[in-house]
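Engineer: Counted from 1, the sequence shown has number 213 at position 200 by this note's numbering; the numbering is strictly sequential.
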Amino acid sequence: MRLIKAMVTVAGLTLASRVAGFVRDLLTARILGAGPIADAFFVALKLPNFFRRVTAEGAFTVSFVPLYSHVTQKDGEDAARKFAQEAMSVMISILLPFTILAIVAMPVVMWILAPGFGEGTTRYDYAVLFSRITFPYLLLMSITALIGGVLNAHDRFAPFAAAPIFFNMTMVVCLLATELMFPTAGHALAWGVTIAGLVQLIFVWICASRAKIILVPAIPRLSPNIKQLFKLMVPGIIGAGVVQINLFADIIIASFLPTGAISHLYYADRLNQLPLGTVGIAIGTALLPMLSKAVAAQDEGEISRLFNRGLEACILLAFPAALALGIAAEPIIMGLFRQGAFTAGDGHITAQVLAGYSIGLPAYVAAKVLSTACYARQDTKTPVIVAAMSVLFNIGMALVFIFVFDMGVGGIALATGLAGWVQLGVLWQILARRRTIQFDDRFRYVAPRVIGASLLMAIVVYVIGDGLHDYFLADGIERVLALATLVGSGGLVYLAVIFATKAMTWSDIKSYFRKPSITS
């Protein structure tokens with residue numbers, strides 16, 4: 014159960030980060046709302062994250078961790094550490110000048126990224142300023158991801174999983190200091206991004222040092238391992254870039270919609286990312302190094318077990334979450350965000366966006382498992398091809414939903430949700446032909462019971478949400494209690510059925526929290 018224990022560790026810390034993120038988002042919605050400054054900040058937040066997910070947590074991580082594990086097993090700890098230091102040096106030598114160039118050329122970048130803002134408008138001017146402030150986060154977080162990848166390869170998952178907690182709390186502090194230190198809440202949040210990146214880097218570096226993993230940059234050198242890393246990263250960069258271009262296509266399209274559209278996408282995505290990020294990150298973070306080691310050892314039994322437990326976690330957590338978010342989108346949005354500058358009209362539109370996103374939630378998490386199975390075998394090409402197909406579908410359908418069916422910003426989210434199933438379906442067909450997908454008896458037992466429990470939970474959520482409709486429009490404690498009743502009732506029904514059908518047992522729960530053996 015080592016995989017499950019690792020996933021519980023990562024998921025628990027990621028959930029704590031998401032809770033801190035919700036505190037941040039609630040304050041952001043209350044103070045910033047969904048106006049032009051909010052739109053500008055959310056673009057500035059996405060820009061460094063775009064490149065971070067391409068270089069740091071995208072192509073780099075999925076290429077570096079399996080190769081690092083291979084070097085460790087073949088040549089030993091010292092050779093692996095030297096490889097990691099070489100990788101850090103090369104990363105800095107590339108990303109530092111790139112960051113400076115991007116800051117200088119930000120007006121041109123913004124003209125490409127959000128053409129609908131219009132040069133000289135409030136949204137455009139603030140987006141350029143905020144993006145120049147946030148862009149150094151790319152370099153800081155990329156180094157953090159490298160150190161985190163090394164820690165994960167040594168089965169030390171907690172530090173990198175905990176780092177986002179510091180990010181969110183730093184953002185909250187900066188937001189609360191708006192009136193004392195910053196012209197607007199947008200300025201506070203933009204500076205908070207870069208400051209948080211530095212805090213995260215310091216935290217993981219200290220954790221690595223305490224684990225006697227000292228990583229310091231050296232003179233960049235194209236060693237054979239670095240050349241192999243680049244070889245693996247090229248398709249990974251293309252694949253991760255394709256996925257991120259997909260997200261930016263949403264921003265570009267939304268920039269032509271009325272003011273607030275980008276903010277509605279952001280707030281809905283934050284809720285969608287609660288299960289998607291928690292489950293997806295936990296599966297990917299824990300599964301990749303363990304699966305890479307099993308592949309390197311050619312242990313087919315362990316490979317099959319890890320793959321099935323990853324899919325089991327996906328269906329156990331992502332499927333009920335998707336149904337709940339889709340059915341109760343409006344009560345949840347109204348209960349959480351409708352206050353201050355965030356109006357009931359904003360809540361209604363954001364709920365439509367959330368419902369569209371939720372459709373693809375299980376597909377994206379399951380695709381994470383299938384993609385990880387490819388990465389563990391150092392196959393970075395297959396996910397690239399599949400991601401490209403998914404992106405083309407997403408962009409095409411978003412344009413159709415908006416300009417043909419006049420669905421507004423909700424059409425963008427619906428297209429994104431459907432694209433997840435396209436990605437999963439194609440990956441499934443490819444891996445099935447390779448005989449990579451083979452379900453074990455436990456998965457065949459658990460899956461139908463989870464689906465049944467989720468459907469029953471969905472019925473309960475719908476009935477309670479409809480009955481408490483008026484309370485979600487109220488102010489104060491009534492709205493909070495209504496939301497707690499809705500979420501609590503759905504969760505209790507789901508858990509009751511899961512345990513009644515023995516899809517999960519108390520012995521399973523106890524085994525997840527037994528102290529794992531520590532390996533380094």
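All C-beta atoms in this analysis are idealised placements derived from N, C-alpha and C, irrespective of residue type, glycine included. Since we're looking at a predicted model, the values are computed, not measured.
Give me the residue from Tyr81, Leu164, Ser384 and Val185 with the minimum Cα distance to Val32.
Structural biologist: The count along the sequence shown starts at 1 and reaches residue 32 at position 19. That would be Val185, whose Cα lies nearest to the Cα of Val32.
Engineer: For the alpha helix (DSSP H) holding Met101, just list the boundary residues, first then last.
Structural biologist: Taking the first residue of the sequence shown as position 1, residue 101 is located at position 88. Residues Glu90 to Val117.
Engineer: Does the Cβ-Cβ distance between Tyr150 and Val206 come in under 7 Å?
Structural biologist: Numbered from 1 along the sequence shown, position 137 holds the residue referred to as residue 150. Numbered from 1 along the sequence shown, position 193 holds the residue referred to as residue 206. Closer than 7 Å, so yes.
Engineer: Val439 and Met402: beta carbons closer than 7 Å?
Structural biologist: Numbered from its first residue, the sequence shown carries residue 439 at position 426. Numbered from its first residue, the sequence shown carries residue 402 at position 389. Taking 7 Å as the Cβ cut-off, Val439 and Met402 qualify as a contacting pair.
Engineer: Contact check, Arg455 vs Asn238 under 8 Å by CB: the rounded distance?
Structural biologist: On the sequence shown, position 442 is the one that residue 455 refers to. On the sequence shown, position 225 is the one that residue 238 refers to. Actually they do not touch by this definition, with Cβ atoms about 38 Å apart.
Engineer: Between the Cα of Phe173 and those of Gly210, Leu108, Ala335 and Ala386, spot the shortest distance and give me the residue it belongs to.
Structural biologist: Translated into positions along the sequence shown, residue 173 becomes position 160. Looking at the Cα atoms, Gly210 is the closest of the given residues.
Engineer: Please say whether Phe406 and Val435 have beta carbons closer to each other than 7 Å?
Structural biologist: In the sequence shown, residue 435 corresponds to position 422, counting from 1. In the sequence shown, residue 406 corresponds to position 393, counting from 1. Yes, these two residues count as a Cβ contact at 7 Å.
Engineer: Quick check on DSSP: helix, strand or coil for Phe355?
Structural biologist: Residue 355 sits at position 342 when you count from the first residue of the sequence shown. Of the three classes helix, strand and coil, the one that applies to Phe355 here is strand, per DSSP.
Engineer: Check the C-beta distance from Gly424 over to Ala432 and give it rounded, since I have them as a contact under 8 Å.
Structural biologist: Looking up residue 424 in the sequence shown gives position 411. Looking up residue 432 in the sequence shown gives position 419. About 12 Å; that fails the 8 Å criterion.
Engineer: Would Leu228 and Ala97 qualify as a contact pair, given that the criterion is a beta-carbon distance under 7 Å?
Structural biologist: As a first step, residue 228 must be located in the sequence shown, where it is residue number 215. As a first step, residue 97 must be located in the sequence shown, where it is residue number 84. Yes, these two residues count as a Cβ contact at 7 Å.
Engineer: Exposed or buried, what is Trp204 when buried is set at 16 or more other beta-carbons lying within 10 Å of its beta-carbon?
Structural biologist: Stepping through the sequence shown from its first residue, residue 204 is reached at position 191. Buried, because 16 or more other Cβ atoms sit within 10 Å of the Cβ of Trp204.
Engineer: If you follow the alpha helix (DSSP H) that Ala310 is in, where does it begin and where does it stop?
Structural biologist: Start at 1 with the first residue of the sequence shown, and residue 310 comes out as number 297. From DSSP, Ala310 is part of no alpha helix (DSSP H); its letter is neither H nor E.
Engineer: What separation, rounded to the nearest whole angstrom, lies between the Cα atoms of Thr395 and Cys387?
Structural biologist: Counting from 1 along the sequence shown, the entry for residue 395 is found at position 382. Counting from 1 along the sequence shown, the entry for residue 387 is found at position 374. Rounded to the nearest angstrom, the two C-alpha atoms are 7 Å apart.
Engineer: So Ala42 and Phe355 are supposed to be a Cβ contact under 8 Å. How far apart are they, rounded?
Structural biologist: By 1-based counting over the sequence shown, the position of residue 42 is 29. By 1-based counting over the sequence shown, the position of residue 355 is 342. Correct: roughly 4 Å between the Cβ atoms.
Engineer: Once DSSP output is grouped into helix, strand and coil, what is the label at Gln213?
Structural biologist: Sequence index remark: in the sequence shown, residue 213 carries index 200 (1-based). Residue state, collapsed to three classes: helix.
Engineer: Ile461: which of Leu496, Ile490 and Ala516 sits nearest, CA to CA?
Structural biologist: If you number the sequence shown from 1, residue 461 lands on position 448. Ile is not the amino acid found at residue 461; the sequence shown has Pro there. When each option's Cα is compared against that of Pro461, the closest is Ala516.
Engineer: With distance defined between alpha-carbon atoms, name the residue in Pro120, Ser106, Phe416 and Tyr458 nearest to Leu270.
Structural biologist: Here the question's residue 270 lines up with position 257 in the sequence shown. The residue with the shortest Cα to Cα distance from Leu270 is Phe416.
Engineer: Going by alpha carbons, who is nearest to Gly503 out of Arg492, Val474, Ala513 and Ala334?
Structural biologist: Position 490 of the sequence shown, counted from the start, is the residue given in the question as residue 503. That would be Val474, whose Cα lies nearest to the Cα of Gly503.
Engineer: Use the C-beta contact count for Ser106: other C-beta atoms within 10 angstroms, 16 or more gives buried, fewer gives exposed.
Structural biologist: In the sequence shown, the residue the question calls residue 106 occupies position 93. When all chains shown are included, Ser106 counts as exposed.
Engineer: Which residues bound the alpha helix (DSSP H) around Glu491?
Structural biologist: Start at 1 with the first residue of the sequence shown, and residue 491 comes out as number 478. Element bounds for Glu491: Ile490 to Ala513.
Engineer: Do Thr197 and Ile44 have their C-beta atoms closer together than 7 Å?
Structural biologist: The residue you call residue 197 lines up with position 184 of the sequence shown. The residue you call residue 44 lines up with position 31 of the sequence shown. Against a cut-off of 7 Å, the Cβ pair of Ile44 and Thr197 comes out as no contact.
Engineer: For Gly34, which residues in the same chain have their Cβ closer than 6 Å to its Cβ, ignoring the five residues on either side in sequence?
Structural biologist: Position 21 of the sequence shown holds residue 34. The residues are Asn181.
Engineer: The alpha helix (DSSP H) with Phe130 in it runs from where to where?
Structural biologist: The sequence position of residue 130 within the sequence shown is 117, counting from 1. Where Phe130 is concerned, there is no enclosing alpha helix (DSSP H), given that its DSSP letter is neither H nor E.
Engineer: Measure the C-alpha to C-alpha separation of Ala262 and Lys59 and round it to an integer number of angstroms.
Structural biologist: Stepping through the sequence shown from its first residue, residue 262 is reached at position 249. Stepping through the sequence shown from its first residue, residue 59 is reached at position 46. Each residue's Cα considered, the two are about 12 Å apart.
Engineer: Return the CA-CA distance between Phe54 and Phe143, expressed in angstroms with no decimal places.
Structural biologist: Residue mapping note: residue 54 aligns to position 41 of the sequence shown, counting from 1. Residue mapping note: residue 143 aligns to position 130 of the sequence shown, counting from 1. Cα-Cα distance, rounded: 6 Å.
Engineer: Looking at C-alpha atoms only, which residue of Ala426, Ile226 and Ile398 is the closest neighbour of Gly409?
Structural biologist: The residue you call residue 409 lines up with position 396 of the sequence shown. Among Ala426, Ile226 and Ile398, the Cα nearest to that of Gly409 is on Ala426.
Engineer: When you compare each of Leu336, Gly421, Ala310 and Lys381 to His361 by their alpha carbons, which one comes out closest?
Structural biologist: Indexing the sequence shown from 1 puts residue 361 at position 348. If you compare the alpha carbons of Leu336, Gly421, Ala310 and Lys381 with that of His361, the shortest gap goes to Gly421.
Engineer: If the criterion is Cβ atoms closer than 7 Å, does the pair Leu304 and Leu319 meet it?
Structural biologist: Mapped onto the sequence shown, residue 304 falls at position 291. Mapped onto the sequence shown, residue 319 falls at position 306. Yes.
Engineer: Give the straight-line distance between the Cα atoms of Lys4 and Val141, rounded to the nearest whole angstrom.
Structural biologist: Here the chain has residues from 14 to 533 only, and residue 4 is not among them.
Engineer: Spatial neighbours of Ile443 within its chain, please: C-beta separation below 8 Å, excluding the five flanking residues on both sides.
Structural biologist: As a position in the sequence shown, residue 443 is number 430, starting the count at 1. Excluding sequence neighbours, Ile443 sits near Thr395 and Val399.
Engineer: By how many angstroms is the C-alpha of Gly89 removed from the C-alpha of Ser222?
Structural biologist: Here residue 222 refers to the residue found at position 209 of the sequence shown. Here residue 89 refers to the residue found at position 76 of the sequence shown. Note on geometry: alpha-carbon atoms of Ser222 and Gly89 lie some 19 Å from one another.
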